[in-house]
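Numbering (UniProt numbering), first residue to last: 1 to 64. Written below as structure tokens is the structure these notes are about.
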Amino acid sequence: MLPKTSSCPVCGRPSAAETRPFCGKACRDRDLLQWLGEGYRVPGSPAADEMKKSDDYGVDSPLD
Ligand SMILES: [Zn+2]
1 MLPKTSSCPV CGRPSAAETR PFCGKACRDR DLLQWLGEGY RVPGSPAADE MKKSDDYGVD
61 SPLD
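Written as structure tokens, this is what we have:
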């Protein structure tokens with residue numbers, strides 16, 4: 001059951017057409033930076049961190 005209008009994943013406000021799914025450029029940029037930050041993680045991080053990540057995926061994976 002999905003809401004008719006999507007909300008900004010960063011702050012939860014209604015998303016704007018130009019910057020969907022975000023409410024504005026500020027939140028879009030913020031999310032992008034966070035995403036890039038994840039990508040820039042140095043390879044070979046501790047196993048504990050990997051496990052924590054996969055656990056997160058299991059909880060709220062949107063691909064089901
Ligand atoms: Zn927002």
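Beta carbons: idealized from backbone N, C-alpha and C, even for Gly. Being a predicted model, the structure only gives us computed values, none of them experimental.
- Take phenylalanine 22, set aside five residues on each side of it, and the residues of its chain with a beta-carbon closer than 8 Å to its own are Cys8, Pro9, Val10, Ser15, Ala16, Arg28, Asp31, in chain order.
- Relative to ligand 1, even the nearest heavy atom lies 6 Å or more away from the CB of arginine 20.
- Alanine 26 has its alpha-carbon roughly 16 Å from the corresponding atom of glycine 37.
- Straight across, the Cα-Cα distance linking leucine 33 with threonine 5 is about 24 Å.
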